[in-house]
Each structure stands twice: as C-alpha cells, then as structure tokens.
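In full-length UniProt numbering, the protein residues as written are 1 to 414. Structure first, then comments.
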Ligand code: LLP
C-alpha cells in the first residue's frame with residue numbers, strides 16, 4: 001500500500017500534507033505512516049493465518065519506540081542484535097517472550113539481560129558463544145533456549161554488503177559443522193535446544209534462495225531428529241526485498257507459500273525476522289532545498305538532509321526515489337541532490353530530472369528502513385525529528401536532537 005500520495009498538487013502522508021509537517025516540525029524529518037506499517041505486517045499475518053508462527057520485527061531496521069509499539073500491539077515479536085535493542089523493546093512494552101536474539105558478538109552483559117527477561121530464543125552464531133551462554137545461564141541458575149544460526153551457503157543475489165548466508169560471510173556456523181555443534185550443545189547443562197535459524201541476506205527480490213536455504217536446513221532438521229535432537233521451531237530470518245525504483249517487488253505470498261508447503265505437517269513453529277519489508281516503504285525523509293548551485297559539469301541541489309541522516313546512498317550506492325512535495329510544472333533539469341556534509345560521498349541521489357527552486361521541499365522515498373537507525377552525528381549535525389501520521393493526526397515520535405545533546409556526555413580537561 002502507498003500511504004504517500006499526491007493530492008491537490010501536493011504530496012500527502014495519509015491525510016496530512018507533508019508541507020504542513022515541515023512547517024510544524026521542521027526539516028530534515030522522517031515521516032512514517034501508521035497505516036502503511038500495519039498493512040505491511042498484516043500482509044504477513046494474513047499468509048500465516050492458522051499457522052503456528054511468530055513474526056519478529058528486526059529492530060535494527062527501525063527501532064523507534066512508536067514503531068515497535070505499533071507492531072507489538074498487533075502481536076509481533078522482535079529480532080534484536082544488542083542489549084540496547086532489547087531495552088527498546090521493553091521500553092515500548094514489547095513482550096520479551098517473543099524476542100529472538102541474533103548477532104555474532106553477544107556480550108556477557110547482553111546475555112544476562114536477555115536471560116533475566118526470559119526471551120524466546122538465542123540465535124547462537126559460534127562455538128565459543130555456546131560455551132559463554134552456557135556459563136552465563138549457569139550463574140543465573142537458568143537454562144538458555146537456543147537455536148544455532150546455520151549458514152546454508154546459498155547465494156541471495158543481492159548487494160555483497162548485505163548478503164550474509166555465504167561461506168565467506170562472518171555469520172552463523174558452517175553447515176557442515178552444525179550437527180556436531182548441536183551434539184555438543186546437548187551436553188551443556190544450562191542450554192535447552194529449541195530450534196534452528198538461518199538468515200541469508202537482505203533486499204532479496206527473488207524468493208527462490210529462501211526455498212533453497214530451507215531445503216538445506218530441513219535436511220539438517222531430519223539429521224538432528226535421527227540423532228535424537230527434536231527441534232520445536234525454525235527461524236527463517238528476514239530479507240524480503242522492497243521496491244525502491246522499478247524493481248518487481250515479490251509478494252509476501254510468493255515468498256511464504258513455497259516455504260509453508262515445505263514445512264507443512266512438520267510440527268515446527270515458524271519464526272520470521274522481517275525488517276525492511278515492514279518499514280521501508282512506510283517512511284520518507286522530508287528535506288528542504290537550501291541552495292541551488294548550477295554548474296558547468298553538474299547542477300547541485302543542496303538539501304538540509306545529508307549522509308548522516310540517510311547513509312544508504314553513500315554506503316551502498318543505494319537508489320532512493322526523490323520527489324518534490326509540491327511539484328512544479330517548469331521544465332526539469334538534471335540535479336545532483338546532495339547534503340551539506342564535507343564529503344564528496346555525501347549525496348542522496350545522482351542525476352535526478354526535476355524542476356526545482358530553492359526552498360522547495362523534497363521527499364526521499366522508501367526511507368523507513370535503515371534510515372534513522374543508521375544515522376549519525378557526523379559534522380555535529382543533530383539527528384532529524386521523526387513523526388508518525390495516523391489518518392489526520394501527526395504524532396511527534398522523536399524530538400529533533402539539540403546541538404547541546406551532542407556533547408552532553410563529553411567534558412573538558414580538569
Ligand atoms: N535477521 C537478521 C539476523 C539480520 O541480520 C537482518 C538484517 C534481518 C533479520 C532483517 O533483514 P531485512 O528483512 O531487513 O532484510 N543496512 C542495510 C541492511 C542490513 C541488513 C542487516 N541484517 C541496508 O540499508 O540495506
């Protein structure tokens with residue numbers, strides 16, 4: 001569903017004009033649509049109706065408390081990768097019993113926090129992590145529920161920085177080692193084996209690698225069973241892609257149906273960890289043109305959002321559609337849309353054909369996932385405000401950072 005539409009010559013988020021949001025909250029500003037968030041989760045819930053399944057939103061895609069709140073109210077759980085993300089989930093009143101904890105570098109403190117809150121499962125990513133978790137759980141007098149994140153070595157056909165399930169990636173345990181590691185885990189007294197996990201990459205537009213990975217994992221599930229290790233759940237990770245430009249976006253149905261068919265009758269609870277798909281197209285980054293700087297080689301539109309607000313273009317050469325909030329009917333020119341940061345890599349979009357004037361507002365689309373969560377304070381830029389639109393109501397869900405907050409934790413020498 002698209003909650004960002006043109007009405008009466010200007011761009012709206014649900015029933016609110018983005019120009020009104022800019023006037024009220026300033027720019028740069030992330031704007032999310034509650035309806036779009038709910039619709040994205042609902043697409044999963046519809047397909048999973050009657051299936052023993054849990055959708056765990058990957059908090060790293062967007063951890064704002066209000067976003068977690070929207071999903072938690074609809075029964076979602078959460079995939080976390082740090083103690084900080086767990087604390088966010090708790091602050092949003094999310095249910096820790098619906099939390100899975102992924103990540104290759106869990107510290108003792110993070111394990112302890114998660115154990116104290118009785119999370120659903122630890123997705124263990126290495127042999128030494130098994131030992132450490134066993135030890136930490138023992139000290140607390142608890143049994144840690146675990147699954148091993150197995151690396152199925154399938155090619156997700158996505159950007160190399162966000163593919164994770166290949167042999168050469170740092171994630172998970174090698175497929176060929178999984179059986180013996182499970183057999184070792186059985187001998188560790190403070191662990192309880194509950195499942196198996198895999199996540200092969202992000203922004204997958206072709207669902208077939210998911211099925212390929214599942215086939216491999218199911219072979220392992222059967223081998224485990226014949227070795228007396230019965231699993232209760234299978235976690236298939238996240239990774240379903242979205243449309244940024246002109247990609248053909250796979251439906252959740254085309255992704256899930258083949259997987260559900262393979263899993264039918266196996267009695268395994270299904271865990272999914274979607275991030276981008278639930279939030280990516282439910283958010284835009286609203287920005288204002290500070291200056292137009294036409295030049296001999298390139299024309300630059302310098303906007304008030306930068307790579308510190310949205311790192312994806314600079315980091316992955318990612319393409320985000322950029323549209324005027326109040327489109328002009330003049331002849332377009334080709335613009336470099338760039339931020340104020342002192343780096344040539346600080347761009348939001350290259351070669352965009354747009355009719356622009358200084359002071360115009362632009363919306364950077366598909367910015368709801370890995371936008372705010374990857375933002376920084378580079379160049380001492382306070383982070384953007386975030387708002388959520390719900391029909392005709394606008395909630396401020398994160399105040400614009402103050403300059404003072406940027407150095408509040410610092411001190412001069414005595
Ligand atoms: N589960 C695990 C274990 C993950 O590592 C990730 C993402 C997800 C779930 C959620 O994946 P998603 O459904 O969002 O594809 N910053 C990059 C994306 C990094 C993804 C990292 N892991 C970007 O902006 O494209």
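For glycine and all other residues, C-beta sits at the position ideal for the given N, C-alpha and C.
Closer than 8 Å: residue i CB and nearest the ligand LLP heavy atom
| i | result |
| --- | --- |
| residue 12 | no |
| residue 273 | yes |
| residue 79 | yes |
| residue 285 | no |
| residue 276 | yes |
| residue 58 | yes |
| residue 226 | no |
| residue 240 | yes |
| residue 171 | yes |
| residue 36 | no |
| residue 312 | yes |
| residue 199 | yes |
| residue 223 | no |
| residue 118 | no |
Nearest candidate by alpha-carbon position, reference residue i, set the options
| i | options | result |
| --- | --- | --- |
| residue 364 | 322, 217, 409 | 322 |
| residue 145 | 197, 154, 153, 180 | 197 |
| residue 286 | 207, 183, 366 | 366 |
| residue 221 | 98, 94, 147 | 147 |
| residue 20 | 405, 401, 361 | 361 |
| residue 109 | 99, 139, 126, 98 | 139 |
| residue 52 | 280, 271, 316, 344 | 271 |
| residue 102 | 91, 81, 381 | 81 |
| residue 33 | 228, 111, 278 | 278 |
| residue 282 | 388, 264, 317 | 388 |
| residue 67 | 390, 347, 346 | 390 |
| residue 343 | 40, 307, 293 | 307 |
Min CB distance residue i to chain B below 9 Å
| i | result |
| --- | --- |
| residue 44 | Protein chain content of the structure displayed is limited to a single chain, and chain B is not contained in it. |
Collapsed DSSP secondary structure at residue i in the structure displayed
| i | result |
| --- | --- |
| residue 125 | coil |
| residue 287 | strand |
| residue 101 | strand |
| residue 72 | helix |
| residue 7 | strand |
| residue 421 | As shown, the chain starts at 1 and ends at 414. That puts residue 421 outside it, with no answer to give. |
| residue 93 | coil |
| residue 475 | Any question about residue 475 goes unanswered here, given that the chain covers just 1 to 414. |
Within the region 363-414, note down every full beta strand (DSSP E) run reaching 3 residues or more, in order along the chain. 385-390, 393-398
Considering only residues of the region 26-58, which uninterrupted alpha helix (DSSP H) runs meet the minimum length of 4 residues and lie entirely inside it, listed in chain order? 34-47
In chain order, which alpha helix (DSSP H) runs of at least 4 residues are fully inside the region 235-270? 252-263
For the region 287-373, which segments carrying the alpha helix (DSSP H) assignment without a break, of at least 4 residues, lie completely within its bounds, in sequence order? 312-316
Which parts of the region 185-232 are runs of the beta strand (DSSP E), unbroken and 3 residues or longer, counting only runs that do not cross its ends? 191-197
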